[in-house]
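Read the structure below first, then the notes.
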Amino acid sequence: MELRSESRGHLAALITVIFWGITYVSTKSLLEDFSPVEILFIRFVIGYAALWLICPRILKIKDRKQHIYFAAAGFCGVTLYYLIENIALTYTLASNVGIILAMAPFFTAIFGYLFLKNERPGPIFFIGFIIAMTGIFLIGYNTEANLKLNPLGDILAVIASVVWAAYTTLSKKISSFGYDTTQSTKTIFTYGLIFMLPVVFLTDFNPSLSAFVEVDNLVNILFLGLGASAMCFVTWNFALKVLGSVKTSVYIYLVPVITTVSSAIILGEQITGMIVCGIILTLAGLVLSERKKTTVKEPSSNEEAS
């Protein structure tokens with residue numbers, strides 16, 4: 086039974102990163118008619134509405150202190166991460182951002198050890214991390230031949246990866262409270278959208294209604310809202326609950342791979358030999374990092390709750 090549950094957790098994590106890998110293609114298309122903040126706010130409003138339709142019940146939080154975890158998760162995972170990522174993209178290359186954001190599993194392992202009382206990650210985990218990052222670098226370098234350091238943008242990307250690791254760690258802690266995953270995700274979205282409102286009011290938020298009429302824009306915004314936001318945050322949080330923060334977070338390595346493959350299929354971008362080598366190395370790093378004997382053994386939700 087436990088093996089079946091773990092398999093569902095791996096499947097949930099895989100589905101999540103597949104959708105998130107494609108989001109870069111959808112966002113790139115939408116940026117022609119919408120600003121980054123407009124895309125961000127609209128996608129999460131759609132996702133939030135979908136979660137209410139799926140699960141209209143209000144989550145009754147047992148302990149008021151738990152609101153702090155939900156608020157922190159909403160601030161980190163919904164508001165801060167995406168804002169920093171979008172700002173980073175204005176200062177540095179998308180390939181730089183993609184490579185640096187893939188460092189999130191490393192920071193997640195550190196946070197898990199410090200705050201979730203996980204065992205210290207074994208050497209194989211770090212070997213897998215280095216191999217995966219090498220593969221991701223090859224993918225990113227080949228995607229944009231002019232890959233170079235851009236200090237401000239790259240530093241922001243590092244901060245974004247730390248913020249995502251914080252969100253993953255907070256969500257794992259929230260899973261130990263014993264609440265329904267969809268209800269928990271909806272509560273996180275509530276706080277995330279509240280924190281996002283000041284940014285909306287302080288920026289030039291004025292989406293064109295005529296832009297929504299275009300089929301491509303409508304399909305992409307619905308994909309981001311219903312798939313990449315509503316569904317994927319639920320599946321990601323479910324995977325965290327079943328697998329733990331470290332095992333789930335290493336699936337982030339696959340995002341650049343999915344983005345590259347989807348760009349080739351949808352946008353007709355070329356896949357070179359270097360990209361193929363990068364994909365192979367990334368997958369090898371993922372497999373190594375997922376090895377049971379070397380990955381972190383995290384307490385189950387019931388153990389954490391006790």
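Those letters in the sequence shown? Residues 86 to 391, by this note's numbering. For glycine and all other residues, C-beta sits at the position ideal for the given N, C-alpha and C.
Quick one, which of the options has its alpha-carbon nearest residue i's?
i    : options                : result
F200 : V284, G225, K257       : K257
F308 : T345, G207, S111       : S111
S334 : T367, G213, F191       : F191
K202 : I143, T254, D289, I337 : T254
M218 : S92, I337, R93         : I337
L174 : T345, L116, G312       : L116
G310 : A97, G94, I124         : I124
E299 : R149, D118, Y109       : D118
T272 : K145, H95, F214, L371  : K145
Y176 : P236, S348, I131, L371 : P236
F214 : K150, G94, A189        : A189
A194 : L325, I351, L352       : L325
T344 : F104, L294, A98, L368  : F104
R142 : S260, T266, G238, S261 : T266
S90  : S348, L373, L352, L328 : L328
G132 : F274, L366, T288, I364 : F274
D239 : I184, G263, I224, I212 : I184
G94  : L366, K332, V346       : K332
I221 : S120, L368, L303       : L368
Since residue i and residue j are thought to touch, with beta carbons under 8 Å apart, how far apart are those beta carbons, to the nearest angstrom?
i    : j    : result
L186 : A245 : 6 Å
C161 : A251 : 5 Å
F129 : V163 : 6 Å
V248 : Y166 : 5 Å
T101 : T320 : 5 Å
P283 : I127 : P283 to I127, Cβ: 17 Å. No contact.
G106 : L339 : 7 Å
I224 : I364 : 7 Å
For the alpha helix (DSSP H) containing residue i, name the first residue and the last one.
i    : result
P283 : 266-287
N291 : Per DSSP, N291 belongs to no alpha helix (DSSP H) and is neither H nor E.
A157 : 151-158
R128 : 121-139
S347 : 339-347
P206 : First-last for P206: undefined, no H or E at that position.
G358 : 358-374
N305 : 300-307
Y198 : 189-200
F262 : Premise fails: F262 is in no alpha helix (DSSP H) and is neither H nor E.
E170 : 166-176
L328 : 317-328
- Touching by the beta-carbon criterion (3+ pairs, under 8 Å), the stretch 343-358 and the stretch 204-221: no
- Query: Would you say the stretch 269-279 touches the stretch 144-163, given that touching needs at least three Cβ pairs under 8 Å?
  - Reply: yes
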